[in-house]
Each structure stands twice: as C-alpha cells, then as structure tokens.
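Trainee: Here my numbering is used: the first residue of the sequence shown is 925, the next is one more, and so on. The structure under discussion is supplied below as structure tokens; questions concerning it will follow.
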Amino acid sequence: MNKSIVSIVKYENPLESVRKVIELTNGFEHLPSKARVFIKPNIVYWNRYCDIPKWGVITTSRVIEDVVILLKEHGINDIIIGEGIVSEDPKDTETANDAFEKLGYNLLKDQYGVKAFNIFERPFEKIELTEGLTAKMNSDMINSDFLVNIPVLKTHAQCVVSLGIKNLKGLINIASRKKFHSADPIRNLHFNVAQLANKTPPSLTIIDGIYTLERGPAIDGKAHRNNILVASKDIFAADVVGANLLDIDPSAVPHLVQASKDRNRPLDLSDIDIVGEKIEDLATPHEWDYIYSNNNTLPLPYQKAGITGIKYHKYDETMCTYCSGLNGILLSGIKMAWKGEPFDDVEILTGKVMKPTPGMNKTILVGQCIYNENKDDPNINEVIAIKGCPPSIEDVQKALKQVGIKVPSYFFKNLDKAPLIFMGRYQNNPEFEESFYQIH
Ligand code: SF4
C-alpha cells in the first residue's frame, strides 16, 4: 500500500522551519514550473475598529511570507492570496482591505508581486462538488495550477476541528455557505464540508500550529503556543494528523468520517507515513465543545450563575456564520442584563430546525429560517421575530427589549470594540507575539 506522507516539524525559525516541513513531505513535487499558485489562509474573522486576539484564530503572516519566499525560490511568480472574510454587512469590502493591510499582505504585493484578493470582489464558478451538491466557488482558486492551503491547527464548535478541508469553505460564496448549513439530516453541514476538497487543483496543505485554539474557531476560544507545523500533499491525511495533534480522535469528527467513507480510507493513521516529529510527543488536549445544561437549554456558566426564566437552546449545525455571530451577542447581552430576578419565561430559537417548548411566555425567533419554520406554531404564546438573513443588530436589540431583558445601552453602542475583552487574556504573556501577524 502506498502511504501518504505527512510531515510534522517544531516551529523554530522563520523560513527554515516552513522549508523543512515542506521538504520532508516533498510538498512541491507536483508544482509545475510557471504555475499559477493560489494560497488560502484562514482569516475567519476580522474587526477594523480594534485589536483582536489573532493567536490560534488566523493563519500567521510569518508562515504566509515563508511560503511566498519558498515559492519564489522555485521560480513561481504568479501567486494569489485569496480569502472570503464574513462580516456583518455582506457588501462590506473595507473589512477585507483592512485585514490585508494590517496582516501585511499589501507588503507582500510590493516585495514579491503577490496579488491579495477578497474573493467577494472576484468571480465565482458553479461547480458540482459531488452528485447533487453544487457550490459557487472562487474562480481564481479553481483555475490555478496549484493550491497551498494554510489553515490553523484549531477546533470548531460545530465541525469539531477546522483544518485543511474545512478551510476551503472560505472560498465559496455566501449563498453556498448558507446552503451548506442544511436542515437535511443526511446531507448536512458535515456531509457538505467533506466534499469541499473534491475539485481543487493539486495541493499542499500546511497546518499552522504555531498557535492552536480550544473552543474555536473564533476570538472567544482559548489559544495556546504550541509551535507545530504539519504538511502533506494529501489534505485528508493532513487533517487526520491535525485532529490527533489536538488530541481529538478523527472518528469523532463527522466531516472526516464522511471524507474517509468517500475516499475509502481508514481514520486510524494506518495509511499515513509520519515523518519528522511524533504525534505522541506534541499532541495536547483541546476542548472543542461548549457545554450546556438543563437538557441543552442553557449554557453551563449561565446555569452556574443562577440565571432562570429563560431557555436558550444550544446552537446546532444548521445555524450559519451570520447567525452564529448574533448568537454570541445575544448571549452576552442576556448575561449583562441578569440582575438576579428570573426572566419572563423567554425561549430563544436559532438555526433552521428548533421547535418551541409549550408553556413559555415569549419566543424569540432569530433569523429568517427559524421564523419561517415556527411563526405559526401553536405552541408559541407570543412570537418576537428577528427576521432578516442576516438579521440586524437593531432587531436583536429591539427583541430583547420587547421581552423585558434590559441590556445596558452601552453594550450595543460599544459592540465594535467588544473583541478587546478577549485581548485581556493574552496581555503581558510574552508567548503571544503580535509580530507573527506582521510582515516587515
Ligand atoms: S437566517 Fe441565519 S441560519 Fe438562516 S440562512 Fe440566514 S444566516 Fe443562515
């Protein structure tokens, strides 16, 4: 049996560590000369109003620059970096510009002639990922000769891990992303994510684990400095090794289970040859799930804080990214509004498939999908609709007010700066260096 090679290296030095991890897996073996190369980083979130903790959340600019230098050494001059950052307003292009500027991608343009594209300003092509599943995917990547896919070594609240395969979701358009969070119990998010790598050009996956993330994928997770780099020409093998390094069994990752079935591959490393460092020397436990109590109707910390009179059901995989962002805002607002008195038997439903509990006084339906699903349900006493797709912050604010959850007005006024709360975790810790996200 021909085994796939996956290399693991400890990050020690700029350029040389990335060179080593690529060479150990012979990563540029299928890189044609004069190729057009597409680099896909992971910029899952950006905020142009304040600093955000990027550690474990965003691909380091250090690794991106090293890959660009190594490609140039191979004589490659046509290099594109492309990403589709989700922001509150789908027409917003400022956020991507700001991210590319501050992460140093514009300097890469000046120094190495690299192009940095916000994929929402570029053409999409409709492709059939598998029978019965189409997506509109960035045309620059599809028409490249080679893909260098550079996810972060991190966990994901819905997908368990977000590594090479999941990183490609950032290259499909908004409508396709919404479709991926399907209410179909079989062809669900995990099935769809497993198909993302089916139509790429030859590729090299480099997993950036200089910083890793628990309870990812975003800024409210907990980052660790782990100095790990993983590389493979086989995206599935890279992800299986990545999951192991997070101490997560790949058989507990639904999209990897699906990908293994589709490829007729084992999940247990038996068809993978690991070179360089050993998994057992570097793997550390990473929690991925958010624990809820009371039959999944309240986040555990809320129950511990004694919050009553509210059912806030645990998110499911049908909730897509826009509603996920609002989910965090709603939960934070409710926590701030809690003054020790029970709320008025309020229930909050999200995603596409949740159903109301009989006997609640007020039911907030967050987003167009769950509104359409439940608006006429006889088990709802009073509907408070947060319509829209994506729903607006103003409607969230109004809905909370309407059910008597009094969130201080400064909370909504300062939402743009909310990520600063999470920066505090890393302050004065020299392991968390901003310079990894800068190009000099
Ligand atoms: S309403 Fe929310 S869950 Fe429904 S498609 Fe829009 S963003 Fe996704």
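All residues carry an ideal CB built from backbone N, CA and C; glycine is no exception.
1) Ignoring anything shorter than 4 residues or poking outside the region 1180-1214, list the alpha helix (DSSP H) runs there in chain order.
2) Can you list the beta strand (DSSP E) stretches of 3 or more residues lying completely in the region 958-1032, in chain order?
3) At the level of alpha carbons, what is the spacing between I1258 and E1241?
4) May I ask whether a heavy atom of the ligand SF4 can be found less than 8 Å away from the beta carbon of Q1351?
5) According to DSSP, what are the bridge partners of I1131?
6) Taking Y1350 as the reference, which of R943, E953, K1146 has the closest Cα?
7) Would you call P1302 buried or exposed, if buried means 16 or more other Cβ atoms sit within 10 Å of its Cβ?
8) Over what stretch of residues does the beta strand (DSSP E) that includes F1267 continue unbroken?
9) By Cβ distance below 8 Å, which residues in the same chain neighbour A1229 in space, the five residues on each side in sequence not counted?
10) What separation, rounded to the nearest whole angstrom, lies between the Cα atoms of L1027 and S1194?
11) Less than 9 Å separating the beta-carbons of G1233 and V1270?
12) In angstroms with no decimal places, state the Cα-to-Cα distance between D1197 and N1353.
13) What did DSSP end up calling K1039 once you bin it into helix, strand or coil?
14) Report yes or no: do the region 963-978 and the region 1075-1094 share at least 3 C-beta pairs separated by less than 8 Å?
15) Could you tell me if T1124 is buried or exposed, where buried requires 16 or more neighbouring beta carbons within 10 angstroms of its beta carbon?
16) Are the CB atoms of I1004 and S1068 within a distance shorter than 9 Å?
17) Excluding the five sequence neighbours on either side, which residues of its own chain have a C-beta within less than 7 Å of the C-beta of A1161, listed in chain order?
18) Might you give, ordered along the chain, the residues of its own chain that have their beta carbon closer than 7 Å to the beta carbon of A1176, omitting 5 neighbours on each side?
19) Is DSSP giving N1298 helix, strand or coil here?
20) Please indicate yes or no: does the CB of H998 lie closer than 8 Å to some heavy atom of the ligand SF4?
21) For the beta strand (DSSP E) containing V1085, name the first residue and the last one.
22) Please classify G1094 as buried or exposed, where buried requires at least 16 neighbouring CB atoms within 10 angstroms.
23) Give the straight-line distance between the Cα atoms of I1096 and K1039, rounded to the nearest whole angstrom.
24) If you drop the 5 nearest sequence neighbours on each side, which residues of the same chain put their C-beta closer than 7 Å to that of L1224?
25) Starting from S1260, follow the alpha helix (DSSP H) in both directions and report where the run begins and ends.
26) What does a CB cutoff of less than 7 Å around G1166 pick up in its chain, not counting 5 residues either side in sequence?
27) Looking at C-beta atoms only, is the number of pairs between the region 1168-1187 and the region 1196-1210 that lie closer than 8 Å three or more?
28) Just to confirm, does K1276 get its C-beta within under 8 Å of one of the non-hydrogen atoms of the ligand SF4?
29) Taking S928 as part of the beta strand (DSSP E), name the residues at either end of that continuous run.
30) Kindly indicate the opening and closing residues of the alpha helix (DSSP H) around Y1226.
31) DSSP state of M1065, grouped into three classes?
32) Any heavy atom of the ligand GDP within a distance shorter than 8 Å of the CB on C1083?
33) Going by Cα to Cα distance, which pick from L1137, L1344, H1080, R960 is closest to L995?
34) Quick one: is the Cβ of P1014 within less than 8 Å of any heavy atom of the ligand SF4?
35) Give me, in chain order, the residues of the same chain whose beta-carbon lies closer than 7 Å to that of N1220; leave out the 5 immediate sequence neighbours on both sides.
36) Give a yes or no on whether the C-beta atoms belonging to S985 and Y1361 are separated by under 9 Å.
Mentor: By the coordinates alone:
1) Scanning the region 1180-1214 from its first residue to its last, the whole alpha helix (DSSP H) runs of 4-plus residues come out as 1203-1206.
2) Listed in chain order, they are 960-964, 1002-1007.
3) Within the model, the alpha-carbon separation for I1258 versus E1241 is close to 22 Å.
4) No - the ligand SF4 has no heavy atom lying nearer than 8 Å to the Cβ of Q1351.
5) Residue pairing by DSSP places I1131 opposite V1154 in a beta bridge.
6) The option with the nearest alpha carbon to Y1350 is K1146.
7) Looking at its Cβ environment, which holds fewer than 16 other Cβ atoms inside 10 Å, P1302 is exposed.
8) Careful: F1267 lies outside any beta strand (DSSP E) and carries neither H nor E.
9) Answer for A1229: K1259, W1262, listed in chain order.
10) Their backbone Cα atoms lie some 38 Å apart in a straight line.
11) Yes, Cβ-Cβ distance for G1233 and V1270 is below 9 Å.
12) Taking the straight line joining both Cα atoms gives about 36 Å.
13) Correct three-state label for K1039: strand.
14) The answer is yes - the region 1075-1094 touches the region 963-978, with three or more Cβ pairs under 8 Å.
15) T1124 should be labelled buried.
16) For S1068 and I1004, yes; Cβs fall inside 9 Å.
17) Only S928, V930, I1196 meet the Cβ criterion.
18) Counting only Cβ-Cβ distances below 7 Å, and skipping sequence neighbours, we find V1084.
19) Correct three-state label for N1298: helix.
20) Every heavy atom of the ligand SF4 is 8 Å or more from the Cβ of H998, so no.
21) Secondary structure note for V1085: its beta strand (DSSP E) is the uninterrupted segment 1084-1086.
22) Buried, since its Cβ has 16 or more Cβ neighbours within 10 Å.
23) Spanning the two alpha carbons is a distance of roughly 19 Å.
24) Excluding residues within five positions, the ones whose Cβ falls inside 7 Å are I1215, Y1216, S1217.
25) This sequence places Met at residue 1260; Ser is not what is there. For M1260, the enclosing alpha helix (DSSP H) starts and ends at 1245-1261.
26) Taken in chain order, the residues that qualify are L1077, V1085, L1087, I1131, V1154.
27) Counting Cβ pairs under 8 Å, three or more are found: they touch.
28) Correct: K1276 has its Cβ closer than 8 Å to the ligand SF4.
29) Membership of S928 in the beta strand (DSSP E) is indicated by the continuous run 928-934.
30) Bounds of the alpha helix (DSSP H) holding Y1226 are 1224-1228.
31) The three-state reading of DSSP puts M1065 in helix, counting H, G and I together.
32) The ligand content of the structure shown is limited to the ligand SF4, which means the ligand GDP is not among them.
33) Nearest option by C-alpha distance: R960.
34) Checking every heavy atom of the ligand SF4 against the Cβ of P1014, none is found closer than 8 Å.
35) Excluding sequence neighbours, N1220 sits near H1237, K1238.
36) The beta carbons of S985 and Y1361 sit closer together than 9 Å.
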